[in-house]
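Read the structure below first, then the notes.
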Amino acid sequence: MKLSEIKTILPTLNNVEFQLENGTFVPEHFHVTEVGMITKHFIDCGGTTRTEKAVSFQLWDADDFEHRLKPGKLLNIIKLSEERLGIEDDEIEVEYQNTTIGKYDLEFNGKTFVLKNKTTACLAQDACGIPAENQKSDPTSCCTPNSGCC
Numbered sequence: 646m647k648l649s650e651i652k653t654i655l656p657t658l659n660n661v662e663f664q665l666e667n668g669t670f671v672p673e674h675f676h677v678t679e680v681g682m683i684t685k686h687f688i689d690c691g692g693t694t695r696t697e698k699a700v701s702f703q704l705w706d707a708d709d710f711e712h713r714l715k716p717g718k719l720l721n722i723i724k725l726s727e728e729r730l731g732i733e734d735d736e737i738e739v740e741y742q743n744t745t746i747g748k749y750d751l752e753f754n755g756k757t758f759v760l761k762n763k764t765t766a767c768l769a770q771d772a773c774g775i776p777a778e779n780q781k782s783d784p785t786s787c788c789t790p791n792s793g794c795c
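In the numbering used here, the protein residues as written are 646 to 795.
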């Protein structure tokens, strides 16, 4: 989901709810502790230099059980971050702590925002030397010992 999409959805909601892909809800007293721009500049295992940008939302489950983030408040936080940080209309990546800090893509199901599990993938599969029939359908990395890409 791009930033412009959440800005269009928020004014139509009474409450902001986030749900994990497995159906578990983020506690309703969560806080959005950060809205920012993340730029990742890296080299993949095939030697190609790449840059990725994303808008980051960090959700935090505090012991502030009376707290409820309303759509207008989140919209104001987004607008302030656009003004002060120059955030652009990029894809949103949500950070949320479960057993460790997880990074999620964001979708909307018509009622709640859904934190979609992210997966890793090899960006240079042609350089890995792994035959297509040996590649996993949900790869976690192409860079295995003796694969030739690392």
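Cβ coordinates follow ideal geometry from the N, Cα and C atoms, glycine included.
Going by beta carbon distance, what residues of the same chain come within less than 7 Å of residue i, once the five residues before and after it are set aside?
i    : result
S786 : Caution applies to S786, whose pLDDT of 47 falls short of 50 and renders its modelled position unreliable; the value that the coordinates give is listed next. T765, C767.
K652 : L720, I723
H712 : H674, H676
Give me the residue from the options with the minimum Cα distance to residue i.
i    : options                : result
I683 : Q770, E740, G774       : E740
C773 : K724, G692, F675       : G692
G755 : L648, T657, Q703, T669 : T657
T745 : T694, E662, E673, L704 : L704
E752 : T696, K763, N743       : K763
K748 : D771, L730, V700       : V700
K698 : K718, K685, D706, E650 : K685
E650 : A769, D734, D708, D750 : D734
Going by beta carbon distance, what residues of the same chain come within less than 6 Å of residue i, once the five residues before and after it are set aside?
i    : result
L665 : L760
S726 : V680, I732
Contact check, residue i vs residue j under 8 Å by CB: the rounded distance?
i    : j    : result
F758 : L714 : Rounded, the Cβ-Cβ distance is 11 Å, inconsistent with contact.
Give me, in chain order, the residues of the same chain whose beta-carbon lies closer than 8 Å to that of residue i; leave out the 5 immediate sequence neighbours on both sides.
i    : result
G668 : none
Next item on the list: Please specify which runs of the beta strand (DSSP E), each continuous and at least 3 residues long, are wholly inside the segment 671–734, giving them in chain order.
Entry: 675–688, 694–706
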